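> If you're matching them up, the sequences are chains Z and S in order. Under the numbering used here, think of the first position of the first sequence as 14, with each following residue one higher. Under the numbering used here, think of the first position of the second sequence as 209, with each following residue one higher.
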Amino acid sequence: MSEILKVTGLRKSYASGFEALKGVDLSVTSGEILALLGPNGAGKTTLISTVCGITSSTGGRVEIGGHDIETDFRAARRLVGLVPQEISLEPFETVINTVRFSRGLFGKPKNEAYIEKILRDLSLWDKRKNRIMELSGGMKRRVLIAKALSHEPRLLFLDEPTAGVDVELRKDMWNVVAELKKQGVTIILTTHYIEEAEAIADRIGVISKGQLMLVEEKQHLMKRLGQKKLTVELQSPLAEVPAALSKYDLVVGADGASLVYSYDTRAERTGITALLADISAAGLVLKDLQTDQSSLEDIFVTLVKEDAA
Amino acid sequence: MSFSAIRAIYVFEMARFFRTLMQSFISPVISTSLYFVVFGAAIGSRIQEADGVSYGAFIVPGLIMLSVITQSISNASFGIYFPKFIGTIYELLSAPVSFIEIVIGYVGAAATKSLFIGVVILATSALFVDLQIAHPFWMVLFLVLTCLSFALMGFIIGIWARNFEQLQLVPLLIVTPLVFLGGSFYSISMLPPVWQIITKLNPVVYLISGFRWSFYDTADVPIAVSLFAILAFTAICIAVIGWIFKTGWRIRN
Ligand SMILES: Nc1ncnc2c1ncn2[C@@H]1O[C@H](COP(=O)(O)OP(=O)(O)OP(=O)(O)O)[C@@H](O)[C@H]1O
Ligand SMILES: [Mg+2]
Chain Z
14 MSEILKVTGL
24 RKSYASGFEA
34 LKGVDLSVTS
44 GEILALLGPN
54 GAGKTTLIST
64 VCGITSSTGG
74 RVEIGGHDIE
84 TDFRAARRLV
94 GLVPQEISLE
104 PFETVINTVR
114 FSRGLFGKPK
124 NEAYIEKILR
134 DLSLWDKRKN
144 RIMELSGGMK
154 RRVLIAKALS
164 HEPRLLFLDE
174 PTAGVDVELR
184 KDMWNVVAEL
194 KKQGVTIILT
204 THYIEEAEAI
214 ADRIGVISKG
224 QLMLVEEKQH
234 LMKRLGQKKL
244 TVELQSPLAE
254 VPAALSKYDL
264 VVGADGASLV
274 YSYDTRAERT
284 GITALLADIS
294 AAGLVLKDLQ
304 TDQSSLEDIF
314 VTLVKEDAA
Chain S
209 MSFSAIRAIY
219 VFEMARFFRT
229 LMQSFISPVI
239 STSLYFVVFG
249 AAIGSRIQEA
259 DGVSYGAFIV
269 PGLIMLSVIT
279 QSISNASFGI
289 YFPKFIGTIY
299 ELLSAPVSFI
309 EIVIGYVGAA
319 ATKSLFIGVV
329 ILATSALFVD
339 LQIAHPFWMV
349 LFLVLTCLSF
359 ALMGFIIGIW
369 ARNFEQLQLV
379 PLLIVTPLVF
389 LGGSFYSISM
399 LPPVWQIITK
409 LNPVVYLISG
419 FRWSFYDTAD
429 VPIAVSLFAI
439 LAFTAICIAV
449 IGWIFKTGWR
459 IRN
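#1: Taking DSSP's pairing of strands, which residues face glutamate 246(Z) in a bridge?
#2: Would glutamate 309(S) be called buried (16 or more neighbouring beta carbons within 10 Å of its own) or exposed?
#3: In the region 47-80 of chain Z, which residues sit with their C-beta less than 7 angstroms from some C-beta in chain S, listed in chain order?
#4: Do you know offhand how far valine 93(Z)'s Cα is from lysine 242(Z)'s?
#5: Using three-state DSSP, classify arginine 133(Z) as helix, strand or coil.
#6: Given a cut-off of 7 angstroms on the beta-carbon distance, is the pair glutamate 219(Z) and threonine 244(Z) in contact?
#7: Could you name the residues whose beta carbon sits closer than 7 angstroms to any heavy atom belonging to ligand 2, keeping them in chain order?
#8: Could you check where the beta strand (DSSP E) with alanine 48(Z) kicks off and where it finishes?
#9: If you measure from the beta carbon of tyrosine 298(S) to each beta carbon in chain Z, is any gap under 7 angstroms?
#10: Within a Cβ cutoff of 7 angstroms, which residues of the same chain sit near arginine 167(Z), ignoring the five residues on either side of it in sequence?
#11: Determine, using beta carbons only, whether isoleucine 308(S) comes closer than 7 angstroms to chain Z.
#12: May I have the straight-line CA-CA distance separating glutamate 281(Z) from glycine 296(Z), to the nearest angstrom?
#13: CB isoleucine 272(S) to CB glycine 326(S), shorter than 7 angstroms?
#14: State the Cα-Cα distance for the pair tyrosine 289(S) and glutamine 256(S), rounded to the nearest angstrom.
#15: Is the beta carbon of proline 411(S) less than 7 angstroms from the beta carbon of alanine 427(S)?
#16: CB serine 434(S) to CB serine 417(S), shorter than 7 angstroms?
#17: Is it right to say isoleucine 406(S) is buried, meaning 16 or more other beta carbons lie within 10 angstroms of its own, or is it exposed?
#18: Quick one: what does DSSP say glutamate 32(Z) is sitting in, helix, strand or coil?
#19: My output table needs one value for glutamine 98(Z): the three-state DSSP class, helix, strand or coil.
#20: Counting Cβ pairs, one atom from each stretch, are 3 or more of them under 8 angstroms apart for the region 137-151 of chain Z and the region 64-79 of chain Z?
#21: Assuming glutamate 32(Z) and serine 40(Z) are in contact, meaning their beta carbons sit under 8 angstroms apart, how far apart are those beta carbons, in whole angstroms?
#22: Please identify, using Cβ separations under 7 angstroms, the residues of the region 258-271 of chain S that lie next to chain Z, in order along the chain.
#23: Please work out which residues of its chain come closer than 8 angstroms, Cβ to Cβ, to isoleucine 452(S), disregarding the five sequence neighbours upstream and downstream, and give them in chain order.
#24: Could you list which residues in chain Z have their beta carbon closer than 8 angstroms to that of serine 232(S), in chain order?
#25: At a cut-off of 6 angstroms, would you count asparagine 188(Z) as near ligand 1, judging by its Cβ distance to the nearest heavy atom?
#26: Does at least one heavy atom of ligand 1 sit under 6 angstroms from the Cβ of glycine 54(Z)?
#27: Determine whether the beta carbon atoms of isoleucine 382(S) and proline 236(S) lie at a separation below 7 angstroms.
#28: Grab the span of the alpha helix (DSSP H) containing valine 108(Z) for me, first residue to last.
#29: Please determine whether the Cβ atom of serine 221(Z) lies at a distance below 6 angstroms from any heavy atom of ligand 1.
#30: How would you list, in chain order, the residues of chain S whose beta-carbon sits under 7 angstroms from the beta-carbon of arginine 216(Z)?
#31: Would you mind telling me which residues of chain S sit closer than 9 angstroms to leucine 102(Z), beta carbon to beta carbon, in chain order?
#32: When the distance is taken between beta carbons, is arginine 116(Z) closer than 7 angstroms to serine 62(Z)?
#33: Could you please give the first and the last residue of the uninterrupted alpha helix (DSSP H) stretch that includes serine 221(Z)?
#34: Select from Val298(Z), Gly223(Z), Ser271(Z) the residue whose C-alpha is nearest the C-alpha of glycine 51(Z).
#35: With DSSP run on the structure shown, which of helix, strand or coil describes leucine 148(Z)?
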């Protein structure tokens with residue numbers, strides 16, 4: 014598989030002096046779907062904007078399809094479609110003219126049949142003669158997608174494509190993404206929804222404070238994300254995990270009077286039933302039970318720590 | 209050079225113009241008529257002749273210049289400011305086009321619009337006064353160069369402006385006074401000698417004089433100087449735009 018995007022040591026400092034990207038390295042294989050997760054202000058949009066040429070970088074290199082985005086910007090940008098996070102569209106123009114404009118701007122010859130196909134796929138065909146200002150927010154977002162697809166990109170950036178989009182439309186959007194993947198389009202998207210990344214991505218990257226903390230295969234990462242903790246509080250403290258319970262992956266809680274069991278919510282059997290039975294068989298008296306699932310925020314922190322270690 | 213991109217930008221910008229075609233057409237017709245009523249009839253009845261031409265006819269080139277200059281600036285500055293303001297500029301910046309195509313598309317469309325308005329004013333004027341055009345080729349050349357150069361200037365203003373106030377600032381504080389004081393409505397020779405010298409520091413004087421020469425064969429300054437002035441102004445605007453392009457000033461930072 015060939016490499017469609019290669020980012021090396023990418024840095025971006027804004028005029029204010031704030032460094033939004035602190036040396037990002039990323040390699041994306043042609044045809045894959047990469048989801049970028051990260052808290053607000055992590056630098057996801059900045060990364061995309063810099064790669065697409067909307068803001069200039071202050072260090073590092075970006076190559077798209079082997080073309081440097083500065084010295085060979087025409088060849089590089091011809092491959093790229095971008096759906097920005099903010100809805101920005103000319104309010105008085107019609108849907109179809111806005112999409113035609115994008116195709117022309119990217120130097121592609123007129124192809125009305127292709128534009129019709131895109132508008133139909135995105136359920137915008139009936140609205141093609143409407144002015145943008147007459148559309149709902151979700152429709153506007155689809156117009157942005159239509160614009161990005163109008164020039165047949167090989168690498169598509171979707172910056173929070175499903176923010177403020179209803180559940181049904183979100184599923185539609187996932188289908189569109191799956192369809193594009195079939196056609197061999199590489200997709201990089203940002204999202205705040207883990208389920209979204211899980212549903213469509215091949216690999217997941219986590220950005221935090223301008224650094225790409227990790228990029229991993231989805232399967233691998235999901236296993237880590239699916240971890241849940243069961244805390245079993247006991248009547249009396251214990252010094253160590255009783256031998257009878259050694260077959261479980263247990264640790265003694267910080268207070269010394271509890272056992273913490275980590276399990277995978279996705280596993281066929283969580284092992285909780287057996288564990289509780291064995292605990293009472295070992296003669297321990299339960300006081301309370303409590304389960305925790307890390308929030309996205311916690312997961313970022315954990316991942317970041319694990320990675321630093 | 210991507211001609212497809214230039215065409216896309218040009219067509220998209222012109223669509224904005226066609227959407228408001230009636231406005232674009234009617235407002236110059238009305239304002240020109242008003243000028244003729246006020247300046248031509250009221251003042252003109254006292255001045256009679258300027259440089260051997262009836263006052264009404266005398267003000268036509270200045271009138272056209274006044275509108276064309278202000279329109280070129282406002283069209284071009286708005287044309288590029290608007291995408292910055294509503295955020296659609298992301299697409300221009302991420303497209304496989306260089307700044308040159310962007311400038312040609314936007315400036316070309318802005319210049320076309322003001323050229324159209326110039327022609328409408330010319331036609332309206334013909335209803336009021338007896339027009340003659342001594343040097344049609346030069347007339348067209350001056351008109352087109354003026355549209356283009358001031359559209360270039362407008363483009364720079366549009367890139368520079370951070371808000372709507374700034375967008376209005378330069379036209380209001382600099383350009384309109386320069387055009388009014390540039391001999392649109394009088395011949396420089398009507399002024400006292402000191403003012404004649406001061407007036408010649410105003411670059412617009414050379415444009416209006418040259419343009420008027422193409423109509424009536426009379427000029428305040430030599431025609432070659434006029435031509436040099438407009439070409440120099442165009443060159444300066446192009447140089448500034450080239451610099452903006454190189455540095456990404458107020459666009460990519
Ligand atoms: N034009 C700018 N000037 C100065 N700082 C900026 C600018 N744009 C973004 N930043 C800062 O850069 C950091 C990264 O912003 P960015 O928009 O890339 O975050 P993000 O990961 O996309 O966040 P979100 O999930 O909220 O979209 C933030 O701290 C932000 O305040
Ligand atoms: Mg963002």
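We put the beta carbon where it would ideally sit given N, CA and C, even for glycine. These numbers were taken from a predicted model, which means no experiment stands behind them.
From the atom records:
#1: Ser271(Z), Asp301(Z)
#2: buried
#3: Cys65, Gly66, Ile67, Thr68, Ser69
#4: 42 angstroms
#5: helix
#6: This sequence places valine at residue 219(Z); glutamate is not what is there. No, the Cβ-Cβ distance between valine 219(Z) and threonine 244(Z) is not below 7 angstroms.
#7: Lys57(Z), Thr58(Z), Gln98(Z), Asp172(Z), Glu173(Z), Thr203(Z)
#8: DSSP places alanine 48(Z) inside the beta strand (DSSP E), whose first and last residues are 46-50.
#9: Yes, because at least one Cβ of chain Z sits closer than 7 angstroms to the Cβ of tyrosine 298(S).
#10: Ile17, Gly78, Leu92, Val198, Thr199
#11: no
#12: 28 angstroms
#13: yes
#14: 44 angstroms
#15: For proline 411(S) and alanine 427(S), no; Cβs fall outside 7 angstroms.
#16: yes
#17: Classification for isoleucine 406(S): exposed.
#18: strand
#19: coil
#20: no
#21: Incorrect: roughly 22 angstroms between the Cβ atoms, too far for contact.
#22: none
#23: Phe307, Ile364, Ile367, Arg458, Ile459
#24: Near serine 232(S) there are no residues of chain Z at all, since even the closest Cβ is about 14 angstroms away, more than 8 angstroms.
#25: False, no ligand heavy atom lies under 6 angstroms from that Cβ.
#26: yes
#27: no
#28: Counting along the chain, the alpha helix (DSSP H) containing valine 108(Z) begins and ends at 108-118.
#29: no
#30: Going along chain S, no residue has its Cβ under 7 angstroms from arginine 216(Z), so there is no contact; the nearest lies around 23 angstroms.
#31: Ile294, Gly295, Thr296
#32: no
#33: Run containing serine 221(Z): none in the alpha helix (DSSP H); it sits in the beta strand (DSSP E), 216-221.
#34: Gly223(Z)
#35: coil
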